Structure formats: C-alpha cells, structure tokens
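Residues 0 to 335 in numbering that gives the first Met the number 0 are what the sequence shown spells out, letter by letter.
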Amino acid sequence: MISKLLIIRFSALGDVAMLVPVVQLLAQHYPKMNITVLSVPAMAPLFEGLGDNVRFIGADIHREFRGINGLSRLFTYLREENFDAVADCHDVLRTKYLRTLFKFVRCKVECINKSRDGKRALTKKDDDKVFMQQATSFENYADTIDRLLGTSLKSYVIRTNVPDNKYFFPTGRIGVAPFAKHKGKVYPLDKMKEVVKALLEKGKQVYLFGAGEEEVSVFHEWKDYLPHSERVFLPPYGTSLRDELQLMATLDCMVSMDSANQHLASIVGTRVVSVWGSTHPYAGFLGWKQNFFDCVQLSMPCRPCSIYGNKKCRMGDFPCMNNIQPEDILAKVLKV
C-alpha cells in the first residue's frame with residue numbers, strides 16, 4: 000500500500016493549475032495518503048486548502064537547483080522524505096532525471112502520457128485533421144496516478160468535470176484577461192476594448208487581469224478611453240497569485256484567452272467565457288468544469304493549427320482571432 004506519494008509538475012502556471020482538481024479529488028478519496036506536490040515556489044498558493052494530507056514543496060529549478068548538480072541535490076533532499084511512489088506529471092528532461100534517480104532507489108515511478116499522437120493528428124493541415132476530443136490534462140494527470148496506485152481516479156475526474164448550475168446565474172462582476180503568451184491565442188486588443196466598453200454600458204463592473212508592465216500600460220490607456228471608468232478596476236502593482244485567486248472567486252464570469260487565467264478562474268469555481276484562435280478546446284486544455292458552449296471560436300479548415308498557439312499563421316494575420324466580433328463574446332457573457 001502506497002502511503003507517501005510525490006507528484007511532480009513544473010512549467011507554466013496554467014499547466015500546474017490544471018493539476019489542482021486532480022490532487023484535491025485524490026486527497027478526498029484517500030485521506031490517509033500523504034500527498035506532496037513538487038513545483039516551482041510561486042505555485043504554492045494553488046495547493047492551499049486542498050486537504051490536511053496535501054503539502055507543497057517549492058524548488059527553484061532555475062537557481063538553487065539548476066542543472067544536473069542542482070537536481071542531484073534536490074533528489075538528495077527528496078529522498079529523505081521516503082516516498083513510496085513518484086508521479087511525473089511533466090515528463091521533461093528535469094523530471095526524467097529525477098524519476099530515474101528514484102528508480103535507482105527502487106521507488107515506484109510512473110510518467111504522464113501527453114497524448115501527443117492524437118494532438119498531432121488534430122493539428123494536421125485542413126482535410127487531414129483527425130478532429131476528435133483528446134484526453135484532457137486532468138485525465139492525463141489522473142491516469143498517471145492510476146497506473147501508479149492501481150486506482151480509478153481518472154473515471155471519477157471525468158464524471159466530476161461537468162459544468163455547475165451557477166453558469167446560468169446573471170452576471171454583474173466580469174473579469175477580463177486579454178493577454179496570452181503567444182500571438183495565436185490573443186484576441187485583438189482594440190476589439191477587446193470594445194467588449195469592455197459594451198460591458199460597462201450594460202452596467203457591469205469590469206476587473207482587468209494582467210500584471211506585466213506592458214499589460215498595465217494598456218489598461219491605463221483603456222481606462223482613459225472608456226466610459227464609466229469608475230467601474231473599471233485595474234490590478235494593483237505586485238498583486239500576488241493568492242490575491243488574484245481570491246478576487247477571481249468573487250467574479251460572476253471571467254473572459255479569458257486560452258491561457259493561465261482561464262484555469263485560475265476555473266479552479267476557484269468561476270464561469271469562464273474563453274476565446275480560442277489557433278488552438279482548440281479539443282486539445283484538452285479547457286478549464287475545469289467549463290462549458291463548451293462558453294467557448295468563442297470560429298469554424299475554419301485551418302483550425303487548430305497549433306496545440307500551444309506558438310506557430311506562425313499560414314494565412315498571415317490570424318483570421319481565426321481577427322474575424323471574431325466583439326458581439327460574439329458579449330453574447331456568450333450575457334447569454335443573449
């Protein structure tokens with residue numbers, strides 16, 4: 000019987016956030032199992048309050064535990080915890096090295112299956128696409144744990160990951176997160192500004208999310224332009240992840256790209272209207288308990304062309320995003 004489990008997931012904020020519901024369900028079903036999540040220190044707030052049997056270890060893999068020597072020191076520290084099993088939910092060079100060391104000391108290890116073949120088929124050109132829903136990251140995380148522990152967590156994740164009735168409540172406090180890492184996932188900012196303007200004209204309060212210097216500069220320009228700017232709330236400089244999660248939990252709806260903010264809002268139970276361009280929800284990255292009917296996207300032969308939105312547009316100007324009208328987003332938010 001496995002009593003001490005280590006789950007490893009570094010990388011992007013959105014990917015780590017998608018691990019949260021899986022860890023929470025595991026902790027609820029196995030209250031006597033000690034579950035430890037290993038990630039970068041900034042992710043700690045995501046795993047607070049998931050259960051008395053869940054704890055978090057933050058490892059700075061870019062400085063303190065950088066390179067082979069750093070990872071070796073990290074393993075030495077982790078080995079003292081006497082874990083029975085390790086779930087590698089990342090499967091990159093760093094985690095491959097760590098899980099190999101755990102195998103040497105006869106620790107039970109499994110790694111994630113990222114469904115790469117299905118995702119490649121989904122992003123083939125035009126008529127060659129195999130247009131099918133791929134396993135979600137939630138399912139892939141749960142599957143890794145199931146293979147390790149002999150559990151049936153994946154089936155429970157699938158049954159649990161359904162929209163709540165709160166999606167039909169009227170909206171008044173709207174979050175807007177217009178940015179993403181890659182251009183293929185960003186709705187044109189001038190059009191998003193028109194979405195915000197229309198929400199304000201409908202009497203809504205709008206909370207803008209994006210803490211970078213460039214993002215905040217854009218928001219200040221918007222506020223100078225927008226009517227009813229007293230109902231526009233900008234993120235305070237230096238807002239912590241914990242504070243952002245608390246604010247998102249108070250919103251009636253979040254408008255987000257296919258980005259981390261979609262997942263942050265999802266894990267605190269907020270309805271998300273998500274805007275999709277070069278990527279597609281079928282790749283498995285729709286937020287926890289979110290509804291496909293709340294996805295704003297265009298049906299185009301070239302979509303999706305990318306899993307992560309990091310490819311150049313062969314059409315030249317991302318018509319998958321540019322041809323979405325502000326009214327399309329408003330209709331989803333306001334359910335009209």
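Quick reminder that beta carbons are idealized off the backbone N, C-alpha and C, glycines included.
Please read all numbers here as calculations on a predicted model, not as lab measurements.
Top-ranked residue by Cα proximity to residue i, from the options
| i | options | result |
| --- | --- | --- |
| Val175 | Gln296, Thr269, Asn321, Asp14 | Thr269 |
| Thr35 | Asp14, Gly13, Ala58 | Ala58 |
| Leu5 | Arg62, Glu79, Leu12 | Glu79 |
| Cys319 | Val274, Leu198, Lys102, Ser255 | Val274 |
| Ile328 | Tyr224, Lys107, Ser114, Ser255 | Ser255 |
| Ile15 | Ala43, Cys252, Gly48 | One detail in the question is off: residue 15 reads as Val in this sequence, not Ile. Closest option to Val15, Cα to Cα, is Ala43. |
| Met247 | Val156, Ile266, Lys196, Pro226 | Ile266 |
| Thr150 | Met32, Ser298, Gly315 | Met32 |
| Tyr76 | Leu45, Leu37, Glu109 | Leu37 |
| Ser114 | Ala179, Lys102, Tyr140 | Tyr140 |
| Pro303 | Thr170, Lys128, Asp189 | Lys128 |
| Phe130 | Ser136, Phe137, Gly117 | Gly117 |
| Trp221 | Ser239, Pro177, Gln261, Leu240 | Pro177 |
| Val272 | Tyr186, Glu214, Asp316 | Tyr186 |
| Leu285 | Asn112, Gly48, Glu200, Ile157 | Ile157 |
| Val21 | Asp142, Thr170, Glu229 | Asp142 |
| Ser239 | Leu45, Val108, Met0 | Leu45 |
| Asn290 | Val19, Gln261, Met0 | Gln261 |
| Ile201 | His219, Gly171, Glu229 | Checking the sequence shown, residue 201 turns out to be Lys, not Ile. Of His219, Gly171, Glu229, the residue nearest in Cα terms is Gly171. |
| Asn52 | Lys3, Gly66, Arg72, Val295 | Lys3 |
| Ile1 | Ile67, Ser298, Val108, Arg241 | Val108 |
| Lys334 | His227, Lys102, Val295, Glu138 | Val295 |
| Gly48 | Arg72, Arg62, Val39, Val19 | Val19 |
Cβ-based neighbour list, residue i, same chain, cut-off 6 Å, excluding 5 preceding and 5 following
| i | result |
| --- | --- |
| Ile144 | Ala86, Leu152 |
| Gln132 | Tyr281 |
| Ser136 | Met17, Gly283 |
| Asp293 | Val272, Lys331 |
| Ile67 | none |
Sequence-distant residues of the same chain with beta carbon closer than 8 Å to residue i, five excluded per side
| i | result |
| --- | --- |
| Gly50 | Gln23, Ala26, Gln27, Pro30, Ile34 |
| Ile173 | Leu198, Lys203, Gln204, Val205, Tyr206, Leu250, Asp251, Cys252, Met253, Val254, Val332 |
| Gly308 | Ala179, Lys180, His181, Lys182, Gly183, Lys184, Asp257, Gly276, Ser277, Thr278 |
| Met314 | Cys301 |
Residue j beta carbon less than 8 Å from that of residue i
| i | j | result |
| --- | --- | --- |
| Gly183 | Cys301 | no |
| Thr278 | Ile306 | yes |
| Ala84 | Leu147 | yes |
| Ile56 | Arg93 | no |
| Arg8 | Cys88 | yes |
| Leu263 | Glu243 | yes |
| Gly283 | Ala41 | no |
| Phe82 | Cys106 | yes |
| Leu188 | Val215 | no |
| Lys288 | Asn112 | no |
| Ala259 | Gly13 | yes |
Chain C contact for residue i (CB, 8 Å cutoff)
| i | result |
| --- | --- |
| Leu188 | Here there is only one protein chain, and chain C is not present. |
Own chain partners of residue i with C-beta closer than 7 Å, once the 5 adjacent residues on each side are dropped
| i | result |
| --- | --- |
| Pro325 | Lys190, Glu193, Val194, Ala197 |
| Arg54 | Thr35 |
| Ser10 | His89 |
| Leu70 | Phe64, Arg93, Tyr96, Leu97 |
| Asn321 | Pro187 |
| Arg241 | Pro44 |
| His227 | Leu199 |
| Pro162 | Lys288, Gln289, Asn290 |
Exercise. Kindly confirm or deny that the stretch 93 to 111 and the stretch 119 to 133 touch, where touching means at least three C-beta pairs closer than 8 Å.
Key: no
Self-check item: Continuous alpha helix (DSSP H) assignments of at least 4 residues falling wholly in the stretch 7 to 54
Solution: Runs of alpha helix (DSSP H) with 4 or more residues, each lying fully within the stretch 7 to 54, are found at 12 to 16, 19 to 28, listed in chain order.
Quiz item: Unbroken alpha helix (DSSP H) runs of length 4 or more, entirely within the stretch 235 to 280: which are they?
Solution: 240 to 247, 259 to 266
Exercise. Please confirm if the stretch 230 to 242 is in contact with the stretch 200 to 214, defined as three or more CB-CB distances below 8 Å between the two stretches.
Key: yes
Quiz item: Where in the stretch 77 to 108 do unbroken runs of the beta strand (DSSP E), each at least 3 residues long, occur, reported from the N-terminal end onward?
Solution: 84 to 87
Quiz item: Which ranges does the alpha helix (DSSP H) cover as unbroken runs of at least 4 residues, wholly within the stretch 303 to 328, from first to last along the chain?
Solution: 318 to 321
Exercise. Any chance you could list the beta strand (DSSP E) runs of at least 3 consecutive residues sitting entirely within the stretch 170 to 200, in chain order?
Key: 172 to 176
Self-check item: Entirely enclosed alpha helix (DSSP H) segments - the stretch 137 to 169, minimum 4 residues
Solution: For the stretch 137 to 169, whole alpha helix (DSSP H) runs of length 4 or above, ordered along the chain, are 152 to 159.
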